[in-house]
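Worksheet: one structure, shown below.
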Amino acid sequence: MTPGYDERPWLSAYPSDVPADHEFPQVPLTRLLDDAADGFPGTVALSTFAMSSVGQRITYRQLRDSVDRLAGGLATNGVKPGDRVAVILPNCPQYVISFFAILRLGAVVVPCNSVSTADELRTQLADSGATLVICLDRVAETILGLRTDTAVRTVVVTSLADALSPIARGRLSVPLPKARAQRARMVATVPDDPSVVRFRTLVRTGPVARQAAVDPATDVAVLQYTGGTTGQPKAAMLTHSNLVANSYQVRLWLPNAMPGREVTLAVLPLFHVYGLTLCMLTTVLLAGRLVLVSRFDLDAVFEVIDEERPTLFPGVPPIYQAVLDSPKVKRHDLKSIHACISGAMKLPQETQERFERVTGGRLVEGYGMTETSPATMCAPLAGPRKPGSVGVPLTGTLARIVDPENPATVVAVGQSGELAIKGPQVFKGYWGDGAATDSEVLTPDGWLLTGDIAVMDPDGWFTIVERKKDLIIAGGFNIYPTEVEEVIRTLPGVTDCCVIGLPDRYRGETVKAYVVAPAGDVTEDDVTAHCAARLTAYKVPKFVEFRSELPRTVVGKALRRQLLAEELAKKDSEL
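Here it is in structure tokens:
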């Protein structure tokens, strides 16, 4: 008889040193940092890549000291338990320090994309009610301009140069052309405004703060913005317990990882929940070294690999593919890398096998979403694998397939349906107005309806068949077609449009827009320029096609699947 979901058939795939269940500690998320600083005070916690190899190294003792002093400085600027504080930074030490300092006060972190447009930031800051923003100097003027539309009252400003060692910062002031050019890239002029406070000043002079009282099970640690089928942003409320549990779940999936010894290459942005948990939090739990790369650049990645010898490399398929396709890959030794977890999109088998040959390590595919902190499933790092599958549920996680139209009905093993997840990493619900949609994704007995169509085989391995929603995933980032369509429709001369994701070898998917402009006076450049001024770069359509009309259902919904089918048919005919 085929075992059902309740029998957890996936446990047979677990390596012997991965537990089926675990008692996850009910502690503030800052406990991960405190434990690392207590047990490994002299171990390097953060290493940064900035201006070649002159980045700063910070030990766990120094990291905790900076966190506690920044927390004290934030408190003197009015931050209280429950307040929302937005962090708009790339991967840099200031991000990590800010994250834990906010939590030290019992406040809530609101991570924002560091390259978001003013309109996107306005929406998130207004929705979250953030009263204080920590950002780079180059965006300070933008944030100050948003105060009239938001609750923001204080702007804490830092620069990329603050991440450099004192010697490297000194070199920026040398009166030579190269130094001036580097300074221009790393330091921007900050408006003279009483609302502006310097990050470095708070870290240097702030009083030492102690941990505020936190109820890990109910208190929100992070408001992580995601989106729905409407394309409107919603913030998932992730509690301290959610993120602590998920960090432990990932760590348990790495049974050979050694505390105080692992080195994680953090190319994934920490403002994304994938980078947050799999790069930052898991590394801190391991008391490992987090190597921060502010933006993905192959030369930077190869230099970091040479200098830091990373052992863990979480990523997305386009990153692994770019490394493999680089003609420089043969000049570098990647053998230090022993474990990689890929997510956000399907991992091509060819990419997986080639990367494992080059590194000698294991590259496995996982599955998760913002609402699950994010990790829920992964292929085991040891043992057999099933190509095309996203693996099996992590320790302490339950999964089943339900009828998409009637989630109370569980479908038979081997049949497709909507994937439902239950576990300690499942979020509390949506923030603010988004709470109205909680009942659409959370069942009364705690199951999260993922919106993805999947199937479980008799061995308990899950495969994602298709997305129930029309979400586009490009380079690991979520793009909501409706958001892009709404921008295109504001372009004079456009009467209709539809946006879809096309398969792309490097990005997973890329954006194509179909536009109806009857007068014929709108060009492809007009569309892309209009979008580029209003959307983050990865959301801007890479292809634009003009049509006299768009296929729609009888109730007026655009037939995205029909447009995609046409594109795939054209591609097949070209082969």
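If you're matching positions, the sequence shown starts at 1 in the numbering used here and goes up one per residue. The beta carbon of each residue, even a glycine, is placed where N, CA and C say it ideally should be.
Check whether the Cβ atoms of residue i and residue j lie closer than 7 Å to each other.
i           : j           : result
residue 401 : residue 417 : yes
residue 64  : residue 211 : no
residue 397 : residue 366 : no
residue 79  : residue 107 : yes
residue 157 : residue 220 : no
residue 358 : residue 334 : yes
residue 69  : residue 203 : yes
residue 370 : residue 273 : yes
residue 463 : residue 421 : no
residue 540 : residue 528 : yes
residue 140 : residue 93  : no
residue 413 : residue 2   : yes
residue 86  : residue 110 : yes
residue 40  : residue 260 : yes
residue 508 : residue 473 : yes
residue 209 : residue 75  : yes
residue 249 : residue 236 : no
residue 407 : residue 449 : yes
residue 19  : residue 460 : no
residue 144 : residue 83  : no
For residue i, which residues does DSSP report across the bridge?
i           : result
residue 430 : 236
residue 154 : 132
residue 224 : 236
residue 59  : 44
residue 14  : BP columns for residue 14 are empty, so no partner.
residue 365 : 342
residue 265 : 291
residue 354 : Residue 354 is not bridged to any residue.
residue 80  : The partner list for residue 80 (beta bridge, DSSP) is empty, contrary to what the question assumes.
residue 497 : 515
residue 546 : 515
residue 417 : 454
residue 391 : 462
residue 315 : 342
Alpha carbons only, please: which of the options is nearest the one belonging to residue i?
i           : options            : result
residue 347 : 320, 430, 425      : 320
residue 150 : 140, 129, 139      : 129
residue 558 : 333, 99, 485       : 485
residue 297 : 309, 454, 284, 328 : 328
residue 337 : 350, 364, 344, 125 : 364
residue 36  : 6, 283, 10, 148    : 283
residue 390 : 331, 455, 350      : 455
residue 549 : 536, 7, 563        : 563
residue 32  : 216, 155, 147      : 216
residue 511 : 518, 492, 478      : 478
residue 303 : 20, 560, 29, 49    : 49
residue 255 : 240, 339, 73, 436  : 339
residue 342 : 409, 316, 73       : 316
residue 29  : 7, 281, 257, 267   : 281
residue 89  : 83, 99, 241        : 99
residue 266 : 135, 95, 226       : 95
residue 427 : 239, 199, 23       : 239
residue 142 : 385, 115, 345      : 115
residue 544 : 102, 523, 561      : 523
Quick check on the burial criterion: 16 or more other C-beta atoms within 10 angstroms. Buried or exposed for residue i?
i           : result
residue 465 : exposed
residue 230 : With a pLDDT of only 40 at residue 230, under the threshold of 50, the placement of this residue in the model should not be trusted; the figure read from the coordinates follows. Exposed, because fewer than 16 other Cβ atoms sit within 10 Å of the Cβ of residue 230.
residue 383 : exposed
residue 506 : exposed
residue 52  : Since pLDDT at residue 52 reaches only 48, below the 50 mark, its modelled position is unreliable, and the value read off the structure follows with that caveat. Flag for residue 52 reads exposed.
residue 12  : exposed
residue 415 : exposed
residue 569 : exposed
residue 373 : buried
residue 247 : buried
residue 492 : exposed
residue 91  : buried
residue 445 : exposed
residue 331 : exposed
residue 81  : exposed
Measure how close the beta-carbons of residue i and residue j come, nearest whole angstrom, since I'm counting them as under 8 Å.
i           : j           : result
residue 46  : residue 292 : 6 Å
residue 582 : residue 496 : Shown here, the chain extends from 1 to 575; a query on residue 582 therefore has no answer.
residue 117 : residue 534 : 6 Å
residue 429 : residue 127 : The pair is not a contact, with the Cβ atoms about 15 Å apart (cut-off 8 Å).
residue 318 : residue 278 : 16 Å between Cβ atoms; not a contact.
residue 289 : residue 263 : 5 Å
residue 155 : residue 125 : That pair is no contact at about 11 Å.
residue 585 : residue 287 : No statement about residue 585 is possible, as the shown extent of the chain runs from 1 to 575 and does not include it.
With 7 Å set as the bound, which would you pick, yes or no: does the beta-carbon of residue i sit closer than that to a beta-carbon of chain B?
i          : result
residue 49 : Among the chains of the structure shown, chain B does not appear; only one protein chain is present.
Between residue i and the ligand NAD, is the CB less than 6 Å from at least one heavy atom?
i           : result
residue 492 : Questions concerning the ligand NAD fall outside what the structure shown contains, since it holds no ligand whatsoever.
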